[in-house]
Amino acid sequence: MHTETKKRLKRTHTCGDLQAQHEGQEVVLMGWVHRRRDHGGLIFIDLRDRYGLTQIVFNPQESEDMHELASTLGTEYVIAVKGIVRPRPEGMVNPNMQTGEIEVLAKDLKVLNPSKTPPFLIDDDSGAKEDLQLKYRYLDLRRPPLQQAILCRHKVYQAVRGFLDNDGFIEIETPILMKSTPEGARDYLVPSRNFKGKFYALPQSPQTYKQILMISGFDKYYQIAKCFRDEDLRADRQPEFTQIDIEMSFVEPEDIFDMVERMMVYIFKEVLGRAIDRPFPRLSYDEAMAQYGTDRPDIRFDMPLIDISHVARRCDFRVFTQVLEGGGHIKGIKVSGGASLSRKQIDALAEEMKPFGAKGLSTIKRSDTGIDSSLAKFFSQEDLEEIVRTFDAQPGDVCLIVADQPHIVASSLSFLRTKLAQERGLIPENAFQHCWITQFPLLEYDEDRDRYVAAHHPFTAPRQEDIELLATQPEKAKAKAYDLVLNGHEIAGGSIRIHTSEIQNRMFRALGIDEHEAKEKFGFLLDAFEYGAPPHGGIAFGFDRLVMILAGKTSIRDVIAFPKTTSASSLMDDSPSKVSEEQLKELGLCLRPEIG
RNA sequence: GGGGCCGUAGUGUAGCCUGGUUUAACACACUGGCCUGUCAAGCCAGAGAUCGCCGGUUCAAAUCCGGUCGGCCCCGCCA
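Each residue of the first sequence is one higher than the one before, starting from 446 at the first, in the working numbering.
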């Protein structure tokens, strides 16, 4: 035991540290065996930790025993090496390595822990399929790209906390076990043992708590909060995710915009060392929908949606005229140089637009000699020319046109716009373009539930001038709500809140929530409003999405240490899983017979 | 709830459309041997797969059909 202690090695440097200046120093490195190159005589080991790689050389002349031991090292063994830093021989410098000027001549080797052969290569690209990566997430997380992503996430946490603290915000935690509320996403439920038959819900967001904190006088609050929504997943949606949740008292939207823009400038500077321009451009919801067909437009490239209804009204194409009579839209986008797209390619695009409801895709190509269009027989030459002018199409361009209900035209063309921009390389690399979307509708009509639902959430304030519309034409009311969009991703959304129980009750009435139900579900908030609620508003960031964009990833799974699959399971720890009969009994639960 | 793509040695792919001369191929990893300047080390040899699972069609299924499970992408959904 005593000799063990004496011989124990203490790490002096990391695998990313050593340079020519360390020549001659005795160092101790610890890490994972990244690769072994065994020449029978000399053995080279690339030793890896999260800081980098360092080449270790084992020479049998130093110690036969040590050399023997080095020859048994396998990939991912954890070892400690004591050795002397020396410059690499003439011509052996590796300029691709951070530590490529030097190597460590091993004097002592200890195997701290052997490793089974890993199921995939620990490298920039392991080549393994994603389910295998998720099962062995602890190995996947050793890969440099994921380590960098997690490090980026750390930097964003620190930047956010640093900025908000400096700006006078107070970090306050709110409960994870809370009351289930109607409206919004499906809740994750937690059964109560003390109150059998009753349930907590995990927060979809800390919305009601942060409003109550405003009433408590914490006029500048923030929290980096875990949120939970039991809905179907996407590349940028996980069942549990993280928000930067912010709320302020005595503010108007301008105050929020100013604070958020300063924070984004700070984050980009701290995390990427980049300067970004502000103020961020603003578009109203209606403008965004008209120009881009989406409320989260990617404005790194142009390609706006162009309305040609005024010309289409005069054509003989019944599909078009019927769409217009039914209140539909006829719009299109111009693809510069797109006249070279083949019939087959266009058909493929049309096929991809079908899930959005688009039934057809019409084309108008402009060449040097004239206009070639699938609509030629329905339009006069003059009208075709007018359409081409409306699009400002040059020879070699093609205009792709959809006629349908407004929401179908918008979503399918928005998809097409992004898709073509990606395929044709129109999106500038390494560009970051924010924009604000403002003046969202307050309410939307829900066909299934046969009533209005809150477009944002039921605490969102209507514009002052629209309050009367709540009782008369609710769909026309606009909200003091705003989203922050970055490169086509919604990264934050917020609003000025209702702060009087009088307006809040009018809102509930518009939503078809009667007084009894309102009291039952949100009574605590309505009560709180009676005791001097300050005007307030705020915003919440999708933290994972923000980090995803900053880290240059295309899925938030890449910036979450332990993400779930698209079916919300965790392949590493195999959750969700069954629980024992005793556990169920304790909670007063039994499973429906068909579940077993 | 719906649509699309994928599932073949430890890993990634080919083979599948057009069923049988395929003893299921290739690369990486792995095992053994040789090797003192490699850094994706090299050379030689070797082991490793009832083709996700269940059923059907057929003389014959990795291959065709139906179902099912899992992963990814999308529509709906996500206040």
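Heads up, the beta-carbon is just placed ideally off N, CA and C, and yes, glycines get one too.
| said: Tell me which residue opens and which closes the alpha helix (DSSP H) that residue 827 is part of. | reply: Under the DSSP assignment, residue 827 falls in the alpha helix (DSSP H) whose first and last residues are 826 to 836.
| By a C-beta neighbour count over all protein chains shown, 10 Å radius and 16 as the cutoff for buried, is residue 583 buried or exposed? | So residue 583 counts as exposed.
| query | Excluding sequence positions up to five away, which residues of its chain have a Cβ less than 7 Å from the Cβ of residue 1034? | reply | Hits under 7 Å: 636.
| Where residue 945 sits in the DSSP three-state scheme | For residue 945, the secondary structure class from DSSP, reduced to helix, strand or coil, is coil.
| task | With DSSP as the reference, label residue 737 as helix, strand or coil. | result | In the three-state DSSP reduction, residue 737 falls in the helix class (H, G or I).
| field | Limits of the unbroken alpha helix (DSSP H) element including residue 917 | value | Where residue 917 is concerned, the enclosing alpha helix (DSSP H) stretches over 914 to 917.
| request: Express the C-alpha separation of residue 546 and residue 469 in angstroms, rounding to a whole number. | output: Each residue's CA atom was taken as its position, placing residue 469 and residue 546 some 13 Å apart.
| field | Straight-line gap, residue 565 to residue 682 (C-alpha atoms, nearest Å) | value | The straight-line gap from Cα to Cα measures roughly 27 Å.
| query | Distance, Cα to Cα, residue 608 vs residue 510? | reply | Those two C-alpha atoms are separated by around 55 Å.
| query | Roughly how far, in whole angstroms, is the beta-carbon of residue 845 from the beta-carbon of residue 780, given that I think they are within contact range, below 8 Å? | reply | Contact between residue 845 and residue 780 is confirmed by a C-beta separation of about 6 Å, below the 8 Å threshold.
| query | Name the DSSP beta bridge partners of residue 419, please? | reply | There is no way to answer for residue 419, as the model of the chain reaches only from 446 to 1041.
| Which stretch, first to last residue, makes up the beta strand (DSSP E) that contains residue 888? | In the DSSP assignment, residue 888 falls within the beta strand (DSSP E) that extends over 888 to 891.
| task | Rounded to whole angstroms, what's the CA-CA distance from residue 464 to residue 543? Just pull it up for me. | result | Our two residues, residue 464 and residue 543, have alpha carbons roughly 8 Å apart in a direct line.
| Which residue spans inside the segment 856 to 904 form an unbroken beta strand (DSSP E) run of at least 3? | Along the segment 856 to 904, the beta strand (DSSP E) occurs as fully enclosed runs of 3 or more residues at 879 to 883, 888 to 891, 896 to 899, listed in sequence order.
| query | To the nearest angstrom, how far is it from the Cα of residue 856 to the Cα of residue 743? | reply | Distance from the CA of residue 856 to the CA of residue 743, rounded to the nearest whole angstrom, comes to 13 Å.
| residue 764 versus residue 955 - alpha carbon distance | Taking the straight line from one Cα to the other gives about 37 Å.
| message | Among 705, 723, 789, whose alpha-carbon lies nearest the alpha-carbon of residue 604? | response | Nearest of 705, 723, 789 to residue 604, Cα basis: 705.
| Residue range of the beta strand (DSSP E) that residue 774 falls in? | Looking at the DSSP string, the run of the beta strand (DSSP E) that includes residue 774 is 774 to 780.
| Given a threshold of 16 other Cβ atoms within 10 Å of its Cβ, counted over all protein chains shown, does residue 734 qualify as buried or as exposed? | Looking at its Cβ environment, which holds 16 or more other Cβ atoms inside 10 Å, residue 734 is buried.
| query | Just how far apart, CA to CA, sit residue 539 and residue 458? | reply | Each residue's alpha carbon lies about 20 Å from the other.
| message | Taking its Cβ as the centre, do 16 or more other Cβ atoms sit within 10 Å of residue 574, making it buried, or is it exposed? | response | So residue 574 ends up on the exposed side.
| CB-CB under 7 Å to residue 1009, same chain, minus the five flanking residues each way: which ones, in chain order? | Same-chain partners within the cutoff: 683, 684, 1015.
| Is residue 778 near residue 809, with beta carbons less than 9 Å apart? | No. Outside cutoff.
| field | Unbroken alpha helix (DSSP H) run spanning residue 983, endpoints | value | From DSSP, residue 983 is part of no alpha helix (DSSP H) but of the beta strand (DSSP E) over 981 to 987.
| task | Report the three-state DSSP secondary structure of residue 600 (helix, strand or coil). | result | Looking at residue 600 - three-state DSSP - the assignment turns out to be helix.
| said: If contact is defined by three or more beta carbon pairs under 8 Å, each pair taking one atom from either stretch, is the segment 784 to 802 in contact with the segment 856 to 876? | reply: A contact exists between the segment 856 to 876 and the segment 784 to 802.
| Nearest-angstrom Cα separation, counted from residue 629 out to residue 726 | Straight-line Cα distance between these residues: approximately 29 Å.
| Does the distance from the C-beta atom of residue 969 to that of residue 903 stay below 9 Å? | For residue 969 and residue 903, no; Cβs fall outside 9 Å.
| N- and C-terminal bounds of the alpha helix (DSSP H) containing residue 515 | It spans 509 to 515 - the alpha helix (DSSP H) in which residue 515 sits, taken as one unbroken run.
| query | Would DSSP call residue 493 helix, strand or coil? | reply | In the structure shown, residue 493 sits in a strand (DSSP, three-state: E or B).
| said: For the segment 913 to 930 against the segment 964 to 981, do three or more pairs of beta-carbon atoms, one drawn from each stretch, fall closer than 8 Å, so that the two count as touching? | reply: The segment 913 to 930 vs the segment 964 to 981: no contact.
| field | Spatial distance of residue 676 from residue 1001 (CA atoms) | value | About 16 Å.
| message | Once DSSP output is grouped into helix, strand and coil, what is the label at residue 693? | response | Strand at residue 693.
| Per-residue DSSP class, three states only, for residue 499 | It is a strand residue.
| request: State the Cα-Cα distance for the pair residue 713 and residue 884, rounded to the nearest angstrom. | output: Rounded to the nearest whole angstrom, the C-alpha separation of residue 713 and residue 884 is 27 Å.
| query | Is it right to say residue 491 is buried, meaning 16 or more other beta carbons lie within 10 angstroms of its own, or is it exposed? | reply | It is buried - the Cβ of residue 491 has at least 16 other Cβ atoms within 10 Å.
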